[in-house]
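In the UniProt record's numbering, the protein residues as written are 1 to 433. Note that beta-carbon positions come from the ideal geometry of N, C-alpha and C, so glycine has one too.
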Amino acid sequence: MGRTMLHSESSFASPVKAAQCGESLADTTSSAVAAHGRRGAIVKSLRRHLALVTGAAIVTVLTGCAMAPGMSYSSRVSGAGTIQSDPLASTRPGAPKADGMDALPPNSLVEINGELISKQEAERPKGIPTGVTALFAKPAPYALGPGDILSIIVWDHPELNMPEATGSGGQDATGSNSVVSGYTIDSGGKVQYAYIGPVKLAGLTEMEARDLMTTKLSKYIRNPQVTLRITAYRSKRVYVDGEVRNPGLQTLNDMTMTLPEAINRAGGFTTNGDRSQIAVTRSDETVVVNIPDLIAKGTNPNNIVLRDGDLVRVFSSNDSKISVLGEVEHPGSFVLNNGRMSLSQALGDAGGVNQSSGDASQIFVVRNRESGQPTVFHLDASSPTAMATADSFDLKPDDVVFVDASALVRWARVIGLILPSTQAAATSRALGY
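Set out below in structure tokens:
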């Protein structure tokens, strides 16, 4: 009886459990279907927004990549949605300007080609500047001046050979600093000597001063034999400063002081010394001397003879720099080598045009003019032969070389900026946030 009742209860419970399992399975299936539907909606929404983004990006590129990051000087785009096959079309007078790009002033862009190189070569001065030739002089004997110390000996008259113990310091005949004694020429240019009193010797050479002393002493001594020489040079100086190892005063002596000699006495150029930028100031006039240029034109720099009071200043090569920007391997500032650097050298120092992002047909050189309006030179270096032309194009201090990015790179940069934010917005919208 008990077993019969247990069996009956088990038989009754089975249909109930089955029904419950069926309801649970139905709920699970319904949830899965609903989740699948939501995922599908999200995917469709993302696809729709991505399509819109892609279309917007393409339109943006075709209208000039106004939102492209970084600088751009490309001249390919002349109007919305139109790309010119002529890379210089939009730089011509009257051509429309793409949004986000610099407007080129009319007639301001100059092509770097053989014609331009020939024109610049013809305009380059062939001779030596007049200001530099004014510094040329022949070596001349040293003229006595106030402060110089003299040794005066009258032979066979030891009573006259007692030099005044001045104990003054100066530079002797060998150019070495030492303490010497003798007859000092005073500020009036005179020397006080026995019997003859004050004698003006300033402005005379050693030979002329000796002859004058002999003539005056002959009134008191029969056939005087006089020896006169300079024992210390103190009347004439030049000042050398700037990029030399030992800047300071350099005393003129009986050896003619040329410009290279003055720099050599100052220890020579430092590593930053610019041999093409040496200023010589005489009176109130300053002349810039370019030593490499003089040598290239067959002129010896030793023809430049310095005078008392001249100021020599060697400028730093860091004052003559150019900048290379844009799509190159190593953008930055570069120092001109003694005032010279060609466009091809500048590009080479910067590692060349970036082969992955640079547009070799869009290389520009921006040069400031005194009017304040820059002149822009353009080089199409899509062919390697153009670099031969670039090697003949000399850059000037403060020039800016700019290599533009290719259209594909600018497009990719715009997309790279737009996609992340658009994807985030689309996802938030699909999830109902």
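In the DSSP assignment, what residue or residues form a beta bridge with residue i?
| i | result |
| --- | --- |
| glycine 372 | According to DSSP, glycine 372 bridges with nothing at all. |
| arginine 367 | Thr375 |
| isoleucine 322 | Phe334 |
| methionine 110 | The residue you asked about is not methionine; residue 110 is valine in the sequence shown. Answer is Phe377, bridged to valine 110. |
| arginine 340 | Asn337 |
| valine 132 | BP columns for valine 132 are empty, so no partner. |
| alanine 360 | Bridge partners of alanine 360: none, in fact. |
| alanine 232 | Ile149 |
| serine 316 | Gly273 |
| valine 328 | Val353 |
Compute the distance between the beta-carbons of residue i and residue j, then report whether it is under 7 Å.
| i | j | result |
| --- | --- | --- |
| valine 240 | alanine 262 | yes |
| aspartate 148 | isoleucine 230 | yes |
| valine 376 | phenylalanine 364 | yes |
| leucine 311 | threonine 281 | yes |
| alanine 232 | valine 180 | yes |
| aspartate 274 | serine 342 | no |
| histidine 330 | glycine 351 | yes |
| serine 333 | serine 323 | yes |
| methionine 213 | valine 226 | yes |
| serine 151 | glycine 197 | no |
| asparagine 318 | asparagine 272 | yes |
| aspartate 398 | glutamine 362 | no |
| residue 440 | valine 414 | What is shown of the chain runs 1 to 433, which leaves residue 440 out entirely. |
| leucine 201 | leucine 160 | no |
| leucine 325 | phenylalanine 269 | no |
| serine 276 | proline 292 | yes |
| leucine 379 | isoleucine 117 | no |
| glycine 189 | proline 146 | yes |
| valine 305 | glycine 242 | no |
| alanine 360 | leucine 395 | no |
| tyrosine 195 | tyrosine 220 | yes |
| alanine 266 | valine 238 | no |
| proline 129 | threonine 256 | no |
| aspartate 308 | lysine 236 | yes |
| proline 224 | valine 154 | yes |
| valine 400 | valine 366 | yes |
| aspartate 254 | tyrosine 142 | yes |
| leucine 336 | serine 320 | yes |
Buried or exposed for residue i, going by 16 or more other Cβ atoms inside 10 Å?
| i | result |
| --- | --- |
| glycine 416 | exposed |
| threonine 258 | buried |
| phenylalanine 136 | exposed |
| arginine 234 | buried |
| proline 158 | exposed |
| serine 218 | exposed |
| serine 406 | buried |
| glutamine 373 | exposed |
| residue 444 | One cannot answer for residue 444 here, as it falls past the ends of the chain, which runs 1 to 433. |
| glycine 203 | exposed |
| isoleucine 185 | buried |
| aspartate 99 | Note on aspartate 99: pLDDT 44, under 50, position unreliable in the model; no value is reported. |
| threonine 133 | exposed |
| glutamate 285 | exposed |
| glutamate 115 | exposed |
| threonine 385 | exposed |
| glycine 127 | exposed |
| threonine 29 | The predicted position of threonine 29 is uncertain, since its pLDDT is 43 and thus under 50; a value taken from the coordinates is nonetheless stated next. So threonine 29 counts as exposed. |
| glycine 298 | exposed |
| alanine 34 | Low confidence applies to alanine 34: its pLDDT is 47, below 50, so where it sits in the model is not reliable enough to give any reading. |
| serine 344 | buried |
With residue i as the anchor, note down where its alpha helix (DSSP H) starts and where it stops.
| i | result |
| --- | --- |
| leucine 343 | 343-349 |
| lysine 126 | Premise fails: lysine 126 is in no alpha helix (DSSP H) and is neither H nor E. |
| alanine 390 | 386-390 |
If I follow the unbroken beta strand (DSSP E) through residue i, where does it start and stop?
| i | result |
| --- | --- |
| leucine 395 | No beta strand (DSSP E) holds leucine 395; DSSP gives it neither H nor E. |
| phenylalanine 402 | 400-405 |
| request: May I have a chain-ordered list of the beta strand (DSSP E) segments no shorter than 3 residues that lie completely inside the UniProt domain "Polysaccharide export protein N-terminal" (138-230)? | output: 149-154, 168-171, 177-180, 190-193, 197-200
| task | Please list the segments of the beta strand (DSSP E) lying wholly inside the UniProt domain "SLBB" (236-314), counting only runs of 3 or more residues, in order along the chain. | result | 237-242, 248-251, 273-282, 285-289
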